[in-house]
Structures are given as C-alpha cells and as structure tokens.
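Trainee:
There are 4 protein chains.
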Amino acid sequence: MKVKVAINGYGTIGKRLADAINAQPDMEVIGVTKTRPTFEAKMANLRGFPLYAASKDFVSRFDEAGLETQGTLDDLLPEADIVMDCTPKKMGYKEMYEKLGKKAIWQGGEKHDLTGLSFNAMANYEQAYGAQFVRVVSCNTTGLLRTLYPLYTEYGIDNVLAVMVRRSADPWDTKRGPINAIEPVLKVPSHHGPDVQSVVPELNIQTTAVKVPTTIMHLHSVVVDLKKEVSSEDVIGLWKATPRIIFVSGSEGIKSTAQIMEMARDLCRERGDLYEIAVWDDGVHTVGKKLYYYQAIHQESDVVPENVDAIRSMLEMEEDKLKSMETTDKYIGVC
Amino acid sequence: MKVKVAINGYGTIGKRLADAINAQPDMEVIGVTKTRPTFEAKMANLRGFPLYAASKDFVSRFDEAGLETQGTLDDLLPEADIVMDCTPKKMGYKEMYEKLGKKAIWQGGEKHDLTGLSFNAMANYEQAYGAQFVRVVSCNTTGLLRTLYPLYTEYGIDNVLAVMVRRSADPWDTKRGPINAIEPVLKVPSHHGPDVQSVVPELNIQTTAVKVPTTIMHLHSVVVDLKKEVSSEDVIGLWKATPRIIFVSGSEGIKSTAQIMEMARDLCRERGDLYEIAVWDDGVHTVGKKLYYYQAIHQESDVVPENVDAIRSMLEMEEDKLKSMETTDKYIGVC
Amino acid sequence: MKVKVAINGYGTIGKRLADAINAQPDMEVIGVTKTRPTFEAKMANLRGFPLYAASKDFVSRFDEAGLETQGTLDDLLPEADIVMDCTPKKMGYKEMYEKLGKKAIWQGGEKHDLTGLSFNAMANYEQAYGAQFVRVVSCNTTGLLRTLYPLYTEYGIDNVLAVMVRRSADPWDTKRGPINAIEPVLKVPSHHGPDVQSVVPELNIQTTAVKVPTTIMHLHSVVVDLKKEVSSEDVIGLWKATPRIIFVSGSEGIKSTAQIMEMARDLCRERGDLYEIAVWDDGVHTVGKKLYYYQAIHQESDVVPENVDAIRSMLEMEEDKLKSMETTDKYIGVC
Amino acid sequence: MKVKVAINGYGTIGKRLADAINAQPDMEVIGVTKTRPTFEAKMANLRGFPLYAASKDFVSRFDEAGLETQGTLDDLLPEADIVMDCTPKKMGYKEMYEKLGKKAIWQGGEKHDLTGLSFNAMANYEQAYGAQFVRVVSCNTTGLLRTLYPLYTEYGIDNVLAVMVRRSADPWDTKRGPINAIEPVLKVPSHHGPDVQSVVPELNIQTTAVKVPTTIMHLHSVVVDLKKEVSSEDVIGLWKATPRIIFVSGSEGIKSTAQIMEMARDLCRERGDLYEIAVWDDGVHTVGKKLYYYQAIHQESDVVPENVDAIRSMLEMEEDKLKSMETTDKYIGVC
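Residue numbers (this note's numbering), protein chains in the order written: chain V, 565 to 899; chain D, 565 to 899; chain G, 565 to 899; chain F, 565 to 899.
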C-alpha cells in the first residue's frame, strides 16, 4: 500500500513534488491545494491531481473560474499520512497539522526553529527517522551540502568560503528585478553558512551572496581548506561516487548555466529540471590543501529528491538512506 | 514499414526533429550528424540516435573525445528516404542530395529560391506533395501563417501590419547580446512580410522587427484589416477550430512569455517546448474591420510539426493535410 | 527678476527639472522636497538645492540621518510662483495648491482630467498661456507628438499605428522585472493613442505596447498613413527643421538604444540624458503615402524641456513658443 | 608649457582619457586616432580633438563619410611627448613608439611583459618615475589595489580571496551576451591575483571570476586575512583617508550597482562615470582578523585617473604621488 501525501501549496516546489512523489512506487499524491484558479491550478487538474481550495474563503474563486475543486484543505488533511507544506514562508499551518497529529515537511524558506530538524538526505537521513516535523533546507544549502558533506567525511574540512552568485527571480517570476545590476547581500557572512550548520553543526563555513539578473540557476564559487592534500582527480572521483552530483565540461561546450539547462532539457526530465548539482570538472582545482570549484544549482528542483527521501525517513519506510536515494532517483529519472 | 529519415545537423532544430520524427508511427531516424563532439553529440548517443560525423575531416575529433560514430554523412545519406537539413544556412549540401537523388527539407534560415517551394502545413501542404526539395519557413513566418491563414480564407484580409518583437538569442546561446538594449531592424519593411508571401502570395502584409534582450520567445503585435466586420469571439472561435494555436489568458496569470514557457513546462512536452502559437484571448480586440492581437512564438520548436508534415507530403504518405497534422500532433503530445 | 519654482518630489523627473530650470536665465529653483533621507536627498544638498521635508511627519527622518532641511512643503509653497509636482501619481496635492492660489504643473503619470489641459510645447504652447494647472504628457506621448505633430500640420495624417516597445524599469529601479520575458499590454489599443489626442484631438492614432527587459530607452515602431505622398528625404528634412528631434544612423554604428545612450554620454549632457527624440535616418522609409520609422525615447528626460516651456507659457513669460523652446534648449545644452 | 599627449585609439578608454587629460592644467591632447568614421569619431570632432586616421589605409573611409581628419598616426606621433595606447590588445605598436623614442602607456588588456612595469598610482608611482613604457593595470586589478594596498601597508595581509562578479559587456556593446546565464571563468585561480602581484609582488591573493548579464559595473566580494585584528570602523577610517575610494550605504537606498551608477550620474561627472571604487560601508565586516567587504568597479573609468598620474610620473612632472593624485582628481571632479 502506498503512503498518502498531501501537497499544501501547488506552486514552484509543490508541483514538482507532486510529480516526483507520484512517480514513486510507494507513495501517492492524494490532493494539492491552491489559493487561486491560475493556470497552474488548471495544470493540476490536467495532470490528474485532485485540487482543493486552500481555505473556504477561496472556494468561490474557483467556482467563478469554472474550475472544479474536491473540497478544501480541511477535507484533504485528515486523509493524508504526511503533508508537504510548500506554502509561502511563515504561513503558520504548523498548529493545524499538530492538532490533526499529522507529520509535515517544510521547505528551506522557513527557519530551522520551526521544526528543530533540518534535512539533507546524505548528511542526516537517520536523524529524521520517525520524526514528525522536518524542514528540507533550501536549494543553495542543499547544493552546498551535496558537495561538501563527502569532502567533510572523507578528507576533513578546516574551513569553507563560498560566494553564492544567485539568480534574482525564477523563470516565471516577471515582477522581480533587477534587469541590469548586481546586488550584494550586505549582511555578511550571509545566512547560508549557518544554514549548512543546521544540518552539519561542526562544518566551518562562511558565505557571502550577490544577486544577479538571471533566472535559471544559482552558481557557487567555493574554496575549501581540506584537512589533507588531495588531487583534483581524487575529488572528482569522490563526487562521481556520490549521488546527485553531475559533471559538466567547459571543453564540451558547457560554459555557463545556460548550457547546463540546455543539457537538462536534452535529458528530458520533467520540466527540463536538473535534480543534481552540476560541477564543472575542468573547474575543479587543488593547490596544496586548498580546493577550488564551481557548482550550479537548479533552484527550482534540486530539493525535490531530498523531500521524497524525507518522507521515507519520517514515515519509517526505509532505514537505509542510500536505498531510499536510489529508489527516489530511479523514478524521477536521475541516471 | 517506416520511412527512413536522416538528420543532417543535430542542433537546436535537428535534435527536436529527431525526437518528433522518431515519435511518429510511420517514420524513424536512421542517423544524425554533428561536426563536433559537444555535449549535444553525447546526448544524441544517450537518446539512441546513431551518430555520424558531418565529414571525414571531423572523425578524429570524435575519436579523441572518445565518442563513438557510425561513420560519416557519406555513409548515412544513401540509406535515407529523406534528409532534414538543419545545418547553418548556406552550407550548400543541395548538390550532394541531388547527386544521390534524395529528397530534402531545409529550414527557414535558407532563402526561398533554394527550393522554390516554401511550406506551411495548413496553407500549402498539397503543393509539396511529391516534391523533392522543400523549405519549411522560419519560426516567425510559421507563427504569422498559423493565425493569418484561417483569417485569410474565412474572412478575407485587406492588409496586415505586424511588429515582431524578437528574442535576441536562444536560451543556450550565451555569446549573443544585447544585455540591455532594444535594436530595430532598420531594413523596413522587414523580410518577414515577403516570407509569408512565399507561401501565400496574395496576402498583403508589412512587417517591422525589433530585437530585445530575452531568450525564450518572440512576440508579435498584429493588426489586421479584415474584409468584413467580425467580433473577437468569432475570431477566437475560428482559431480554436484551427490546429496548433493555443490560447492563454492574462486573467489566469499568464501575463508574459515567461508564464507561457512555464505553462509549456507544466504540459510536460519534450524540453518544455511549445509547438503551438500562443494567443492571448484577452488580447484579441476588434474595432470595426480592424483586428488586434498578440501572439507568442516558441522559436525553438513551432516549426517542428510542420517539418513532420512536410515529410508526409513529399513522400506521398498521406494526401489529407488535416490527417497528417492530427497524426503529427498526437505523437508529439499536442492536445 | 527670476520666477521662483518649487519642486515637489525630487526623484527621477524632479531632479532633472531642478537642474534644467536652474540653468535657465529667467527661472530659479527655490526648494525641493523629499520624503526620505536617501542618497538623492543628499545629492540635492550637494548641488545646492534647499531641501524641504515633504511633510512634518518626515522631518524626524532627516534629523536622524543628519541631513539638514529648510522646513517642510508648507514653508516652501508660499514662496513659489509655480510648483512642479513630480510626486507619484494620485498624491492629491491639487487642493493644497488651489488653496494657496499657486500654479502647478504635473507629469504624465496623472490623468488628463486632473488639469483638463495636457501640454506639448510644439503642439499647444498657446493653449497653456496663463493657465493655472497643466499636465505635461508622458515620455512616450511626448515622443509621439514630437515627430507626428509636424507631419500632421505639414502633410496631414489619415491614421497612425504605433507599437511602443517599452523599457520595463528605470536604470536605478532594481525591484522591477522582468529579467527575461516580453509582456504585452493586453488592453488594446493602449492608452497612448488617446493620450496623444488629449493634446491633438483630431489625430487618428492607435497604439499597442509591450514591455521588454531593458532599462535605458523606449523604442517606437511607427507607421503613418499620410494624406499625401512624400519621400523619406522630405520627412527627414521636415524633422531636421523641427526642434528636439535628433538623427542617428545605423551605418555610423548606432544600431540600438545602447549606442544612442553612449552618444548621449559623449555629448556630455547632465546625467548622460537625451532630451531629444532619436530617429534613425536609415530607418525612415516611405511606400506611397505610408511612412515607416523607428524612434527611441529617453524616458527619464525627454519631458524636461517641455516642462520648462510650460512654465514660460503659464506664467506668461514668453508668447512665442519657438522662442521659449530655443531658450530652454540653449541652456540645457541641446545643440 | 603643457606636455603633449597623443591618444592612439579613441574608444571606451581613449575618449575618457582625452577628456581627463585635457582637463589637467599641465597636459593637453594634441590628437586622437580612429580606424573608422563612427559616431565616436564624430564626437571627437565635436569635442574639438584633432582627429587622425589610425593608418593611411583608413583615410578614404573618413573622406567618404565626410569626416575631416588631420592626417594619420604617422603625422601625430612625432609631435607627442607621450602616447596613450588605447588600441585593442596585441596591436603591436610598441616597435613604432620605440623607433620614434616616444614614451607610451598601455592599458590592462595587455600582458605585464609588454612593459615589465605595471602601474597603480598609490602602490608604485615612484617605480614608474622616468620610465619609457608603462602598463596601467585593468579596471578590476586597479579596484583590488585601491582597497588592498592601504590594508597591506597599514595592517599587513596574510591572504586575500576575492570573487569577481563581472559585467559581461560594456553598456554600448550590444553584440556580447549572455542575456540570461552565469558563466564561471574555469581557469582557477583567475588571472586577477597574479595581476595584482605584477604591482605588489608580495601580496598573497587568489581570485576566481564569474561573468553575469549586466553592463554597468563589476562587483567584488573580498575576504582578507589581516595580520592583526581591527574593527570595521578602523578599516572604514583607513579607506576614508585613502584617495579614490567612495562609500555608499545600503541604508540610504544604494542597494546595488544600479543605484551607484545613478549616484554617479547625479554627481555630474563626465558621462556619469565613477572614478572611485565604491565600497558599501554597511557591507564591511570583521570577524577576528578576517575582513569581509564588497566593492563595485566602474569598468569604463576607474583607470582614468591612474593613467593621468602615470603620465606625470613617467615625464617626471611631479615627484610626489599624492600631489599628482590630488591634482588629477581635482580637475576631473573627484571630491
């Protein structure tokens, strides 16, 4: 029997989770919620996800737009084994889930304190085992953990300095700028370092961040002081043995985030998404114990498989993190 | 038995044709050519398309990159029933095809004179029946013909004025700008009007064009002087009955080309492509005999189904244009 | 003696008016208002403009920031002969000006009804003579009037169709997008046509508009049905004899709005502004009575000289529009 | 008597140097060269700079365009005391200057080896005293040296890690992209570190670089390991006492490079240029001996004052670097 998953908030992340979860052999989406009858709501119907209004107040909106709903969140929640909360941050549904005794997963826009447990499959799958509330860390933090955690366990890390060159808006988000500017995050170090530490507390890391006028991917320039001297081949070998890292080559024509996204479209994943972190193999360099690398983060989708794994851990469906990751990846098409 | 199709040039258009053709029940791709061992060449292998070097001079490049090829274009062509020429314009392969007595289809970057026959499925499928050489018109011309041709046959057209607001580069093409400017095409009227007339000679149309810093879609602002007075509902009804036109609504949150592309990704077509021309239903207005509308053109893919239909016409596989279009669309996922 | 001008709202337009007015021999700026102690407020001080808080509520903000103010708008207004209202639209200061019996000029963001008199120096300077309240039309409408009005008076116009390809945000405005999309104005025809008619009611004009991801200039693609057949040389000659139109040439390397702005910087106007409408001479074409042209609009500054002329007309300082325009242009550096 | 300066190459840098040099009391521009009769060549004439064709081959181009030239580079050079070589890199004029025994200054696009002497006014003015050939380092290297050199001399530096987030094209350069991508420089560490060391060899610095779709400024995220613990106030105080560093504040509304450029326009420098390096005061943070800061670099103009100082040093016009810098800055309007 499949576990029943409710998606509260069918937006950028919610719609991807719906597809990824439904693709798994041991889970099914029993409904998704929406506040407005947008084209995304229509798409939910088209894809066969039962559509629920986020609250009673919104039902009439859907009626007016001629879009059928199966009820409201209140009707959906009791049927679910677990809720994926993909609503905007600080919406405050926690109490509602608690009252119903439901397990729930939040996304990285929320603070660590909301759940006290921040999640990355490779780093702390076991910690979430049986937990009621979990927060899957943000796309950037997930990206950092994917490549840093194996370095940390294999070689040891003295210190990390990462500069996050961030896309300013998602592709569909046409309201946000800038059109022609670079905007630094003046709070230094930025929150990404502490966010990594919410999962791996002992990892020394400082981050700064700048926003740039692009919509498709974030890019990180990372410098790691390792505890021992290794070659770039060693590092590449280590990452090749790690799930959810994919290599790209400038020498093969992948010179920017644009060609990475083109490659992702060619891979024919859903929506042209890239669940893996993309690392340039010809951008990995070591000088003594110092390791330099660049990685690109598909902000819309890299957390998707982590969420699926979190479900398995929290609902005690699979004890072995690697087995869960393998299943997840297989059914969303990660090779 | 399936007809055998060779793809000469596995790039932006070539790779899409390969997928679309292979998806058809009556066609198969027997090989694709490439000049360099880029990531796209790798993807061809991954997707199972036999890879050929474009010429003998290039074989060593592939060998060095460890990418297996099945031979060269010279080996591929004799086996094909028809060649899709997706090479850069003016590459001059025509003589080679002629010598082998092969049929061939070129793309809109070529001049009309190369084939003497420019193609749009709805407008002149019959004209290409049995033809040896055909040119499928460009993405913008295809877009104009999709919406104008039904108006022309149903209501009659006195005159069309269209301004093409063009994306400046494809998403993967990071070399081209501008980053922050608008660039008019100073040759006025632009070549798009005469290109429409290469298919429908009697259609009066003038066009101007400007390039803008976006990568995802072209947008046309069109004003048509119809021969009779109709309502916007009439026009929308006519277009709804026409293949390969899709409606979007500003009122549902699709306010720009960005949300159209998001919708296309949600539709789960290959690569997030949109084969249809997208027309804003709340942007269609009539004032007397004047009709105003906006349409968005997915420059990478709208010509794909036209190419498939051209094959059926040229190889005399199907006499009825609508039946060919229906088959094509069904197998590439157009609803 | 110089007339005394107050600038209510020292922002994008306000700061330019302050400089342009102060440069005139017959006017002086007696103060500018600001709601917040931003860097622009600092710049006002640096440039020697007496700074006033927009209201008493805001004085403490300036005090806290250590920025000296000379009082509030209430202190400034009584001293002024005329107020340039450059506040955001619908701020509702009209009543205040009326109570004090002050003349005032608003910008194009306001509706025509606010003043009942919309202004363009060449088209209706005389109409504003002695008027109390005037609205200077927006940058786009000003641009259209600059080139259309001489055509209208010299050759007669049957009809105009203009597509406005609009910049989406000013250069400093980093909050607004889109970063990568084209967004049509779905209300068709757009408001720009009627806005032209608020100055020249008999001019038949329809406009559509699209927003594109650039910050520096708007661009118009215009098609005019003239009442008589003329050559492109005739039209260029007519415009050369018209103030505030400047010609650029694709053949000299000015292929886009970017090179126009570069030229403006080379001309060493204040802030690199371009008060003139830029018309591509190699983009002017006539076919029979049809005239095609492209023009570029510097949205931040083309209305500046019109505002200066409006002051002279309203305060009855100069009866002859051409004399006023000549004076204005001379002192702001238009050659 | 003023020293006579020839500008070989009146482009982005050349035209700025022409203005800045002509503004100095002890120098004059005796001519500028150009290869084509572009609008920039016209502007040279308009601004009163004698225009020379770069070689005899190009004279006819200017004649055809009706643009008067005073001869060719061959005519200009013998009259000059020094040549500012602002031609594209590797043009190879060195031999020509040597033959005539002329002093010459190149820009940062050239390699250090061309002159063996790379220049930054504050760091090594004395080293260039009397030299024949000098290379003024690039905009990014100049920016790094401006802020790092005082730290280096005052506190000592153990190590620097800087990530250069680079604009991809100058504002006028509409050919170059990307429009929507981030492109890392895969050569790691990037050349900027060694370029800093071409001026200050003992400074430990590693840099990486990414290109982003903006045209107006570069931005650096810098982390410095100082030799002693200081406060951010100390650092800000040190930089305030250093020429050619200007502070901006996020709290005053300067949140990105766009508002910095707006401020520069408000400062009414020529072309809206910013000769200073802009440092966010609320982005300067110290943690122990670690210093974090962001700086923005106006790529078109920050090297301009350095070039003027290099002239004074090479022609032995002024021994004291600070006096030269003060004079330079005064006459180009740096406050």
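Glycine residues also receive a C-beta, built at the ideal position from the N, C-alpha and C atoms.
Please report whether the beta-carbon of D/K739 lies at a distance below 8 Å from any beta-carbon of chain F.
Mentor: Mapped onto the second sequence, residue 739 of chain D falls at position 175. Answer yes: the Cβ-Cβ gap between D/K739 and chain F drops below 8 Å somewhere.
Trainee: Can you grab the Cα-Cα spacing for the pair D/L831 / V/I594, in whole Å?
Mentor: On the second sequence, position 267 is the one that residue 831 of chain D refers to. On the first sequence, position 30 is the one that residue 594 of chain V refers to. Taking the straight line from one Cα to the other gives about 20 Å.
Trainee: Whole angstroms is fine: what's the gap from V/V786's alpha carbon to V/I721's?
Mentor: Against the first sequence, residue 786 of chain V aligns to sequence position 222. Against the first sequence, residue 721 of chain V aligns to sequence position 157. Taking the straight line joining both Cα atoms gives about 13 Å.
Trainee: Just to confirm the assignment: which complete beta strand (DSSP E) runs, minimum length 3, are found wholly within the segment 781-863 of chain F?
Mentor: For the segment 781-863 of chain F, whole beta strand (DSSP E) runs of length 3 or above, ordered along the chain, are 782-790, 809-812, 841-844, 849-851, 854-861.
Trainee: Given this structure, state the Cα-to-Cα distance separating F/P758 from F/T705, to the nearest angstrom.
Mentor: The residue given as residue 758 of chain F occupies position 194 in the fourth sequence. The residue given as residue 705 of chain F occupies position 141 in the fourth sequence. Straight-line Cα distance between these residues: approximately 9 Å.
Trainee: In chain order, what residues of the same chain lie with their CB nearer than 6 Å to the CB of V/S747, ignoring the 5 residues before and after it?
Mentor: Mapped onto the first sequence, residue 747 of chain V falls at position 183. Note that residue 747 of chain V corresponds to Glu in the displayed sequence, not to Ser. Cβ within range, chain order: K775.
Trainee: Among the candidates G/I875, G/G741, G/R731, G/L750, whose CA atom is the shortest distance from the CA of V/S732?
Mentor: Counting from one through the first sequence, the residue named residue 732 of chain V turns up at place 168. Checked all of G/I875, G/G741, G/R731, G/L750; the closest Cα to V/S732 is G/G741.
Trainee: Alpha carbons only, please: which of D/K853, D/Q859, D/M591, D/I577 is nearest the one belonging to D/M728?
Mentor: One-based indexing of the second sequence puts residue 728 of chain D at position 164. The shortest Cα separation from D/M728 among D/K853, D/Q859, D/M591, D/I577 belongs to D/Q859.
Trainee: Does the segment 837-850 of chain G come close enough to the segment 865-873 of chain G that 3 or more CB-CB pairs lie under 8 Å?
Mentor: Yes: at least three Cβ pairs fall under 8 Å.
Trainee: Comparing alpha-carbon positions, which option in G/D734, G/D789, G/E880 lies nearest G/T576?
Mentor: Along the third sequence, read from residue 1 onward, the residue named residue 576 of chain G stands at position 12. Comparing Cα-Cα distances from G/T576 to each of G/D734, G/D789, G/E880, the minimum goes to G/D734.
Trainee: Taking the alpha carbon of V/G656 as the point to measure from, which residue in V/E674, V/N609, V/I743 has its own alpha carbon closest?
Mentor: Taking the first residue of the first sequence as position 1, residue 656 of chain V is located at position 92. The shortest C-alpha separation from V/G656 is found at V/E674.
Trainee: Which of helix, strand or coil does DSSP assign to G/V760?
Mentor: Indexing the third sequence from 1 puts residue 760 of chain G at position 196. Helix at G/V760.
Trainee: What are the residues of the segment 585-603 of chain F that lie near chain G, defined by any Cβ-Cβ distance shorter than 9 Å?
Mentor: Residues R600, P601, T602, F603.
Trainee: What three-state label does DSSP hand D/I746 in the structure shown?
Mentor: By 1-based counting over the second sequence, the position of residue 746 of chain D is 182. Looking at D/I746 - three-state DSSP - the assignment turns out to be coil, as it is neither helix nor strand.
Trainee: Between V/I896 and V/V569, how many whole angstroms is the CB-CB distance? I'm expecting something under 8 Å.
Mentor: Taking the first residue of the first sequence as position 1, residue 896 of chain V is located at position 332. Taking the first residue of the first sequence as position 1, residue 569 of chain V is located at position 5. The pair is not a contact, with the Cβ atoms about 15 Å apart (cut-off 8 Å).
Trainee: Is it a yes or a no for the segment 674-690 of chain V touching the segment 752-766 of chain V, going by three-plus beta-carbon pairs under 8 Å?
Mentor: Counting Cβ pairs under 8 Å, three or more are found: they touch.
Trainee: Please state whether DSSP places D/V868 in a helix, a strand or coil.
Mentor: The residue labelled residue 868 of chain D in the question sits at position 304 within the second sequence. Three-state DSSP puts D/V868 in a helix.
Trainee: Checking contacts by CB at 8 Å: is V/I800 closer than that to chain F?
Mentor: What you label residue 800 of chain V is simply residue 236 of the first sequence in a count that begins at 1. Taking Cβ atoms only, chain F never reaches closer than 8 Å to V/I800, which makes this a no.
Trainee: Straight-line CA distance for D/L640 to V/T821?
Mentor: By one-based count along the second sequence, residue 640 of chain D stands at place 76. By one-based count along the first sequence, residue 821 of chain V stands at place 257. Spanning the two alpha carbons is a distance of roughly 34 Å.
Trainee: On the DSSP letters alone, give me the boundaries of the alpha helix (DSSP H) that G/D893 sits inside.
Mentor: Here residue 893 of chain G corresponds to residue number 329 of the third sequence, with the count starting at 1. 885-896 is the extent of the alpha helix (DSSP H) around G/D893.
Trainee: Suppose you measure from the CA of G/D621 to the CA of G/D627; what does that come to, to the nearest Å?
Mentor: As a working mapping, residue 621 of chain G is identified with position 57 in the third sequence. As a working mapping, residue 627 of chain G is identified with position 63 in the third sequence. If you take the alpha carbons of G/D621 and G/D627, they lie about 12 Å apart.
Trainee: Please determine, among G/E864, G/N688, G/L715, the residue with the shortest C-alpha to C-alpha distance to G/M889.
Mentor: Here residue 889 of chain G refers to the residue found at position 325 when the third sequence is read from its first residue. The candidate whose alpha carbon is nearest that of G/M889 is G/N688.
Trainee: Give me, in chain order, the residues of the same chain whose beta-carbon lies closer than 8 Å to that of G/T778; leave out the 5 immediate sequence neighbours on both sides.
Mentor: Sequence index remark: in the third sequence, residue 778 of chain G carries index 214 (1-based). Contacts found: R731, S732, T821.
Trainee: Taking any Cβ of chain D, which residues in the segment 807-822 of chain F have a Cβ under 7 Å from it, in chain order?
Mentor: For the segment 807-822 of chain F, which is checked against every Cβ of chain D, not one residue is closer than 7 Å.
Trainee: Determine contact between the segment 841-857 of chain G and the segment 652-672 of chain G, defined as no fewer than three beta-carbon pairs at a distance below 8 Å.
Mentor: The segment 841-857 of chain G vs the segment 652-672 of chain G: no contact.
Trainee: Do you know offhand how far F/E880's Cα is from F/D893's?
Mentor: To locate residue 880 of chain F, count along the fourth sequence from 1; it is residue 316. To locate residue 893 of chain F, count along the fourth sequence from 1; it is residue 329. Approximately 18 Å, taken between the alpha carbons.
Trainee: Quick one: what does DSSP say F/Q671 is sitting in, helix, strand or coil?
Mentor: Working through the fourth sequence from its first residue, we reach residue 671 of chain F at position 107. Note: F/Q671 maps to coil in three-state DSSP.
Trainee: For F/K804, count neighbouring C-beta atoms within 10 Å of its own C-beta (all shown protein chains included) and say buried if the count is 16 or more, exposed if not.
Mentor: To locate residue 804 of chain F, count along the fourth sequence from 1; it is residue 240. The residue is exposed, with fewer than 16 neighbouring Cβ atoms inside 10 Å.
Trainee: Could you check whether the segment 593-609 of chain V touches the segment 661-676 of chain V, counting it as contact only if at least three pairs of C-beta atoms, one from each stretch, sit closer than 8 Å?
Mentor: No: fewer than three Cβ pairs fall under 8 Å.
Trainee: Just the C-alpha distance for G/G847 and G/L750, rounded to the nearest angstrom, thanks.
Mentor: For the purposes of this step, residue 847 of chain G is taken as residue 283 along the third sequence, with counting starting at 1. For the purposes of this step, residue 750 of chain G is taken as residue 186 along the third sequence, with counting starting at 1. Cα to Cα, G/G847 sits roughly 27 Å from G/L750.
Trainee: Entirely within the segment 628-711 of chain G and at least 3 residues each: give me those beta strand (DSSP E) ranges in chain order.
Mentor: Runs found: 646-649, 667-670, 697-700.
Trainee: If we count the other Cβ atoms within 10 Å of its Cβ and call it buried at 16 or more, is V/L886 buried or exposed?
Mentor: Position 322 of the first sequence, counted from the first residue, corresponds to residue 886 of chain V. V/L886 should be labelled exposed.
Trainee: Check whether the Cβ atoms of G/M827 and G/V851 lie closer than 8 Å to each other.
Mentor: Position 263 of the third sequence, counted from the first residue, corresponds to residue 827 of chain G. Position 287 of the third sequence, counted from the first residue, corresponds to residue 851 of chain G. In this structure, G/V851 does not lie closer than 8 Å to G/M827 by Cβ.
Trainee: Kindly indicate the opening and closing residues of the alpha helix (DSSP H) around F/E604.
Mentor: Position 40 of the fourth sequence, counting from 1, holds the residue named residue 604 of chain F. Segment 603-610, the alpha helix (DSSP H) holding F/E604.
Trainee: Excluding the 5 residues preceding and the 5 following F/D737 in the sequence, name in chain order all residues of the same chain whose CB lies nearer than 8 Å to its CB.
Mentor: If you number the fourth sequence from 1, residue 737 of chain F lands on position 173. Correct list, in chain order: T779.
Trainee: Which stretch, first to last residue, makes up the beta strand (DSSP E) that contains D/G595?
Mentor: Counting from one through the second sequence, the residue named residue 595 of chain D turns up at place 31. Run containing D/G595: 591-598, per the beta strand (DSSP E) assignment.
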